[in-house]
Structures are given as structure tokens and as C-alpha cells.
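Structure first, then comments.
There are 2 protein chains.
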Amino acid sequence: MTAAALPPGATLGILGGGQLGRMIAIAAANLGYRCHIFGPEADPPAGLVAAATTIAAYEDEAALAAFADAVDAITYEFENVPAATVEFLAARKPVRPGAKALAVAQDRIAEKTFANDQGAETAPFRAVDDRAGLDAAVKALGLPAVLKTRRFGYDGKGQAIIRTVDDIEAAFAAMKGQPAILEGFVPFTAEISVVASRGVAGDVAVFDPVENRHSHHILDVTIAPAPGLSPALALRAQTIAHDLLIALDYVGVLAIEFFVTGDGRLLVNEMAPRVHNSGHWTIEGAETSQFEQAARAALGLPLGCPIRRGRSVMLNLIGDDARAWGRLLLAEGAHLHLYGKAEARAGRKMGHVTRVLTDDTPAEAAIASLRRAIAGA
Amino acid sequence: MTAAALPPGATLGILGGGQLGRMIAIAAANLGYRCHIFGPEADPPAGLVAAATTIAAYEDEAALAAFADAVDAITYEFENVPAATVEFLAARKPVRPGAKALAVAQDRIAEKTFANDQGAETAPFRAVDDRAGLDAAVKALGLPAVLKTRRFGYDGKGQAIIRTVDDIEAAFAAMKGQPAILEGFVPFTAEISVVASRGVAGDVAVFDPVENRHSHHILDVTIAPAPGLSPALALRAQTIAHDLLIALDYVGVLAIEFFVTGDGRLLVNEMAPRVHNSGHWTIEGAETSQFEQAARAALGLPLGCPIRRGRSVMLNLIGDDARAWGRLLLAEGAHLHLYGKAEARAGRKMGHVTRVLTDDTPAEAAIASLRRAIAGA
């Protein structure tokens, strides 16, 4: 153990009380640690499995100070925590991952520039600060292209596709005056991601690359490992993840989404300085889950072994999908996870289901079988 | 789903806030249910992962009534819940397992008589209500024999071995006037257990028999499946468990400990109407853990699949063993579980560690390796 290792019984503070914080809290509890959730929303799902919960705004310095006093280390479940909040807390207790990673991940320009600086390709991009800048960017990158807010985007929010010049005006209006980025449209054959972790001692553990399929801009299915990905590209994706962890002096879990192009290139699309929906399969599908890795890293502990137990498929349960719980409890090999959210709004992530395949069942057959269970067909 | 199935979001009440209730609470949370812990002890480990906790005596009817109002179904983590408490609660909300199973498991005479009535062998035994009864029982069963309190014994507490007539007086005194049972001493070659579950719809799921090794009357090691147990005896043990579940009209998890004799007989030693230390390996080692089965049964849900993912070894961490957490986090294949108990008293179960073997590593080698990690040698 390094001197930074917090002993069991210590308290992990988690900013954000959604499903990601909830699953980190469960993982930390299994290791004998207490968790304290901090977030602005009432009735956070993570609070249902934590030793303590503070419901307060991220700008409430009195609440933040009390929270920092009550915990031994701090992590977060989403990258849009205000930088000032992290700065305030980091002066009091270790915050992992640190401010540098958060700053890079909060800004799409910084993120892509950083990836490029480390030798990783991205789609071509231009910063867009005003209408003239957008016109210049369209001229430089060509169409189609995607206009995104530089900050605070997730699950397709704050994005507009520009297919022809006729779309420019509406896309610009959709940014509502926020700083934006225009990204060249990249024809890709698959979207993959790598979830990687680094501990305080510098130990690195990288899960195998997975394939992600989206529906309405929300993750629908993850297949682990990514089928059809060549060993060379898989290794390349993991190497990029490794190098980014080192370059950021990162402590925690980092998720990196890539586009795989038809000509065999990997383009970094997004980085998330946290556990990631595309890593949920690791709960059953890997020796150590991404949530346990996040808890271990934040607590100053060595990382666990990331090897797979087989192949896995993970399906998100969005909105009314969660009504299928009864069928999913009976579905072959299905591990049901529901997040304790009271209201099943459309587009809301209510849970997920994972099946680990240790025989030669095709991933597509397993996915189809789970889809039938969800649909009741 | 049967009509009895409670939907996600419902609340499971758990009597007892120790590690067993804690692990049931985590399993229920993973499925989207809330948990409410009830027990007399301050700072229950299970309360650290539950949505609500009530600290009150089992005789506090006002607290019990409020608890019953707040939950949708109730289970318990130990069999010494007062019968009156269960009766009071059962009039208000489903308590699973029910009063009948509890009554049988709370009394060693009732337990053994019930097992015999179902065609399962036990060690020979006699009820002992006074000193004259003890002398008669010794005469009938011969020596050596074991004198135990009829009720409230666990982990070797309330037991005295009588090797010669000179031990009789001290053994009788050790019972402190409580009703007792004298059990004939049975030479056995192994102790095994079966953890079995039954759902409200009558579905039964039985884990494979495991071998248990004790140290100072406390479980030390579990090996799953029990090595060297013949397929015929394994099936016989599972069949006995199945038949007892049916005979008790049982809903929940039932653990049955057996002695395996040199001449190939199985003797029922004890039954526990709850999740059991010898089933902890199922968290990583089986498709569905005993804790998830307990939650599913209590919530009226169908049981999950009990098949093994490989072979498993589980070592308890008793007292100061838990100080090895740093080494255990790094030990090959080790899954560390600590229970969040503040004080590591001698003989106290502080946690456990499980390793699942999917290659041909001998169980004994895996045990030795974990022991070295615990000892720091």
C-alpha cells in the first residue's frame, strides 16, 4: 500500500447521486468503505445505498466545506461539476480524478486538442465563437458537419447536424450563443470505447475495447469485446487510453470513445473522466468492475484485475423499457440492474441488463433474446 | 410474475443489520428495490447501504408497527428473531421465510425431529431438561457426546463436549439451566452444506453442495463444489434440501449443514432459515448470489439461476485477519468483502475473500495463497 491508501472504514465522497454514483457507492461498500453523496437533486438514487447524503447546490460553500470535513477522499460521477467546486474541495481533501482531467474533458476543443497533442487522431474540428466563425469553419471542413456546444453536452444534447448550407442558421441558433465546435462528419464503421483506470501509485488497468450502438443519441447496446475489431486496432485503442492516462497524471476511471473508420483509423470522439455507461458490463463481465476501479483509485488503493470473464452484452433500459423487469428477471443469463429512479420519463436511463457469454452463443443472438424480453414479444 | 411480485421501487424490510442483512440490501438495491433495516444495535453495518434504518428493540411494538407500515415485505438475517416479533409483523406484511420455518430452526430438537420426519438422518439425540435427563441421555447415546442449548446457539456458542463422565457436571453447568440437547458424537470425514432457495411461486433453486472447514467453531473456509463428494451424495444432499423446502412450504433461502460419515451417510447437523456464511462464495461464484435469491424470494420475485461460474474458495476474515486488506486487494483473483464493522474484536467476522477458479488451479493451492496474503508471509 502507498501512504495514500485509505483504510476500510474511511468515507468516499461522491459528487452526483445518479446511477453512476450509486454503483460506485455499492462497489466501495463491498470493500468496507462508507460513502457520502453530494448533489443538488432531491432523492438521489445513490443516496439509497450510501451512509450519508447531502442535498445542496454545487455553489453552496458551507455545505461543501462540511462535506469535505466528513469525507476522506472525493470523486464524481459526471464531468460537469463546476471547476470552482472541485477547486474548493481539492484544497481540503483529495479529489480524484483531478482538476486537470476535468478541465480537459469539460471542453470539446481542449479535449480534442489534448488528444491530438498526444498523437491520437480526432475528426477535424474548428472552434466556433460567432456566426462568421461558423461560416469559416463550414468552409474549412466542408459539409456535412456537426455543430456542438463546447461544454455541457451529453447523450446528443447540444448538437445539431449541418447537412447543407440551409441548415446553418438553425444549427447556429440551437447553440443559443454558447461557444461551439464544428466537427467534420466522419463516416465510421463502428463506435468503440475503452474504459481505463489508473491508481495513485501509477498502476494502470485497461478493459478491453467494446462496441457501442446508440439509439436516438443514447447508448443502446454495448458488446464486449468489440466484435470484428482487429487485434492491432484493439491494442492501439488501449495504448491511446494508456497514454492519455499518463499524460493527464490521471487517478481514476477514464472512458474514451472512438470512431473506427472504414480505412482502419481510430478517431477519438469524446473522453469522460468517470465511469461510463459503456463499462456497465464489467460488473458481471470482468474480474473487477469499473465501479470498483473508480472506488479503489479515489481511495488510493491499487487497482483490480480488469480481465473479462467471457464475452458480454449490455442493453440499456430507457424509459418504459424498465417495465420489462418481470421478464428480465427470468431471461436467460440476464443480470438486471435498476437504478431506483421513481419516474420513468422518456429517454431516461432507468437501468441496464447484462448477459455474460461463456459459450459460443453469438452476441447478436443474446442481444435479440434480451430485446424480446424487453419488448414482451 | 405472480400477483405477489413487488415492483422495483418497493421496500424490503430486513430484521438484523449485520453483514448478512448488508449483503441482502446490496443485492436488493441492484434490482432497484429500497431496503429498510430494523435491529437493536447502534450503527448497523447494513444501515450504511440501506435507504432507511430503525434502531429499536425487537419487542418495541410501536417501532415494529411503523416499520411494517414503511415496508412492503420483510425478511431477516438471523434465526433468533423472537417468534412474537415475527408474529406481530406477519399480521401486517409478508414475512419470508415464515413463522413455521423459524420455529423449526430455532429449536434443535424440533429441527432434528423435523429432518428425521422427512426421511433425513441426523446424529442420535435426546432432549435434556434436567440433570437426571442428562445422565439418562449419556447412558442412551454413550460418550463422547455434545451437549448444546436447544435454542440461540451459533458458532459453537452454548456447546460443551462431554468426553468422559467427569465432564458431565461442567457441561451441565455451562447450559445455565436452559433446555438442552445431547447429541451423539459422530465421526465424520467432512462437513458440507447446501444453500437452497424457494420462491413464492414454488420455484426451487439449489446451489451445489460445498465443503466447510471450521476453526475454533467458526467457519474458516468454504470450497465450492465440495471436493471429493460423490455425485450420488451431492445429489442426495440437494434432494434433502429440496424436500425440506417443500415440507416447510418455505419461501426464502435455507441453509442445511451436513456431516458426511466415513460410511457414506449424510447427517443433517443444522438448518438456518436465512442466507449463510457458507454461501458467500455465490456473490462471484454463481450466476445469482444467495443474497439476490433471498431478496427475490422475499419480494415475491422468481429466483435466479444458481449455476456456478467455476470452482470457488471462500475464506472468512476473523478479527485481525481484516488487517490484511491491503495485501488482499492485490492477491491473485481475490474478491475482498469487508462488512464496515468499526471494531475488529477477536472472533468477530469482519469480512471474507472469495476466489473463483476457472482453470485447473487446485482449491488447496488457492486457499494457501490467500492464507499467505492474510498472514503477510
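Chains as they are written, first to last, in full-length UniProt numbering: chain H, 1 to 377; chain C, 1 to 377.
Each residue gets a CB set at the ideal place from its N, CA and C atoms; glycine is no exception.
All figures in this text were calculated on a predicted structure; none of them were measured in a lab.
Three-way DSSP call (helix, strand, coil) for residue i in this model
i: Ser-215 of chain C; result: strand
i: Val-104 of chain H; result: helix
i: Ala-4 of chain C; result: coil
i: Gln-293 of chain H; result: helix
i: Val-251 of chain H; result: coil
i: His-280 of chain C; result: coil
i: Ile-223 of chain C; result: strand
i: Arg-175 of chain C; result: First, the amino acid is wrong: residue 175 of chain C is Met here, not Arg. Met-175 of chain C: coil per DSSP, three-state reduction.
i: Ala-145 of chain H; result: strand
i: Val-86 of chain C; result: helix
i: Gly-319 of chain C; result: helix
i: Val-194 of chain H; result: strand
i: residue 387 of chain C; result: Here chain C comprises residues numbered 1 to 377, so residue 387 of chain C is not present and cannot be evaluated.
i: residue 413 of chain H; result: The requested residue 413 of chain H does not occur in the structure, where chain H is confined to residues 1 to 377.
i: Asp-128 of chain C; result: For clarity, residue 128 of chain C is Val in the given sequence; the question names Asp instead. Of the three classes helix, strand and coil, the one that applies to Val-128 of chain C here is strand, per DSSP.
i: Val-81 of chain H; result: coil
i: Arg-274 of chain H; result: coil
i: Val-49 of chain C; result: helix
i: Leu-338 of chain C; result: strand
i: Arg-34 of chain C; result: strand
i: Val-138 of chain H; result: helix
Own chain partners of residue i with C-beta closer than 7 Å, once the 5 adjacent residues on each side are dropped
i: Ala-224 of chain H; result: Asp-208, Val-210, Trp-281, Gly-285, Arg-308, Arg-311 and Ser-312
i: Leu-245 of chain H; result: Ala-196, Arg-198, Val-204 and Leu-254
i: Pro-8 of chain C; result: Leu-31, Gly-32 and Tyr-33
8 Å Cβ cutoff, residue i in contact with chain H
i: Tyr-76 of chain C; result: no
i: Pro-302 of chain C; result: yes
i: Leu-329 of chain C; result: yes
Per DSSP, the bridge partner or partners of residue i
i: Tyr-76 of chain C; result: C:Leu-15
i: His-242 of chain H; result: In the DSSP output, where bridge partners are listed per residue, His-242 of chain H has none listed.
i: Met-350 of chain C; result: Per DSSP, none; premise fails for Met-350 of chain C.
i: Gly-39 of chain H; result: H:Ile-55
i: Ile-162 of chain C; result: C:Ala-145
i: Glu-257 of chain H; result: H:Ser-193 and H:Glu-270
i: Ser-312 of chain C; result: C:Ala-224 and C:Val-356
i: Val-71 of chain H; result: Bridge partners of Val-71 of chain H: none, in fact.
i: Val-206 of chain H; result: H:Ala-196
i: Thr-122 of chain H; result: H:Val-268
i: Ala-286 of chain H; result: H:Arg-308
i: Ala-180 of chain C; result: C:Val-128 and C:Thr-149
Residue-chain proximity (residue i, chain C), Cβ-Cβ < 8 Å
i: residue 379 of chain H; result: This structure cannot speak to residue 379 of chain H, because chain H is shown only from 1 to 377.
i: Gly-285 of chain H; result: no
i: Leu-6 of chain H; result: no
Neighbouring residues, chain H, relative to residue i (Cβ below 8 Å)
i: Arg-34 of chain C; result: Leu-48 and Gly-340
Same chain only: Cβ atoms within 8 Å of residue i, ignoring 5 sequence neighbours per side
i: Thr-261 of chain C; result: Val-186, Pro-187, Phe-188, Thr-189 and Leu-267
i: Asp-243 of chain C; result: Gln-118, Gly-119 and Ala-120
i: Lys-100 of chain H; result: Leu-248 and Asp-249
i: Ala-344 of chain H; result: Gly-319, Asp-320, Ala-322, Arg-323 and Met-350
i: Ala-294 of chain C; result: Ile-24, Ala-27, Thr-75, Ser-197, Gly-252, Val-253, Arg-274 and Val-275
i: Ala-10 of chain H; result: Tyr-33, Arg-34, Asp-72, Ala-73 and Leu-299
Under 9 Å from the C-beta of residue i: neighbouring residues of chain C
i: His-280 of chain H; result: Neighbours of His-280 of chain H on chain C: none; closest Cβ ~12 Å, over 9 Å.
i: residue 406 of chain H; result: Coverage of chain H is limited to positions 1 through 377, which leaves residue 406 of chain H absent and any answer about it impossible.
Neighbour list for residue i in chain H, Cβ cutoff strictly below 9 Å
i: Gly-326 of chain C; result: Met-1, Ala-5, Pro-7, Leu-301 and Pro-302
Residue i: contacting residues in chain C (beta-carbon distance under 7 Å)
i: Leu-336 of chain H; result: Leu-31
Check: residue i C-beta below 7 Å from any heavy atom of the ligand PLP
i: Gly-32 of chain C; result: Absence of the ligand PLP from the depicted structure is noted, as is the absence of any ligand whatsoever, leaving it without description.
Cut-off 6 Å between Cβ atoms - residues of its own chain near residue i, not counting five sequence neighbours on either side
i: Ala-4 of chain C; result: Val-200 and Gly-300
i: Cys-305 of chain C; result: Glu-287 and Thr-288
i: Phe-125 of chain C; result: Lys-112, Ile-181 and Glu-183
Contact with chain A by residue i, beta-carbon distance below 8 Å
i: Leu-15 of chain C; result: Given the protein chain composition of this structure (H and C), no chain A is represented.
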